[in-house]
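One structure is given here, and the rest of the page talks about it.
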Amino acid sequence: MAQVAISNVAKAFGTVKVLHDVSVDIADGQFVVLVGPSGCGKSTLLRMV
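Number 66 marks the last residue of the sequence shown (our numbering); no jumps.
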């Protein structure tokens, strides 16, 4: 039914690159968790979606 595909995404704040070449495919029915230390880009990636 539903699928999320993110391919080669990048994000920068001015000259500071915070996400580099991020790709992920999430199929229908999959449960995905983003885990990492504070400041690693989890929320930034979700806001971009």
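Positions of the beta carbon are idealized from the N, C-alpha and C atoms, including for glycine. The structure presented is a predicted model; accordingly, all values stated were derived computationally and were not measured.
Enclosing beta strand (DSSP E) for residue i [first to last residue]
{"i": "SER24", "result": "21-30"}
{"i": "ASP38", "result": "33-43"}
Endpoints, alpha helix (DSSP H) assigned at residue i
{"i": "SER55", "result": "SER55 -> no alpha helix (DSSP H), and no H or E assigned at all."}
{"i": "MET93", "result": "The question about residue 93 has no answer, for the chain in this structure spans 18 to 66."}
Cβ-Cβ distance between residue i and residue j below 8 Å
{"i": "SER24", "j": "SER40", "result": "yes"}
{"i": "ILE43", "j": "VAL49", "result": "yes"}
Nearest neighbour of residue i, chosen from the options [CA to CA]
{"i": "HIS37", "options": "ALA22, LEU63, LYS28 and GLY56", "result": "LYS28"}
{"i": "VAL35", "options": "ALA22, GLY58 and PRO54", "result": "GLY58"}
{"i": "ALA19", "options": "GLY56, MET65, LEU63 and GLY46", "result": "GLY46"}
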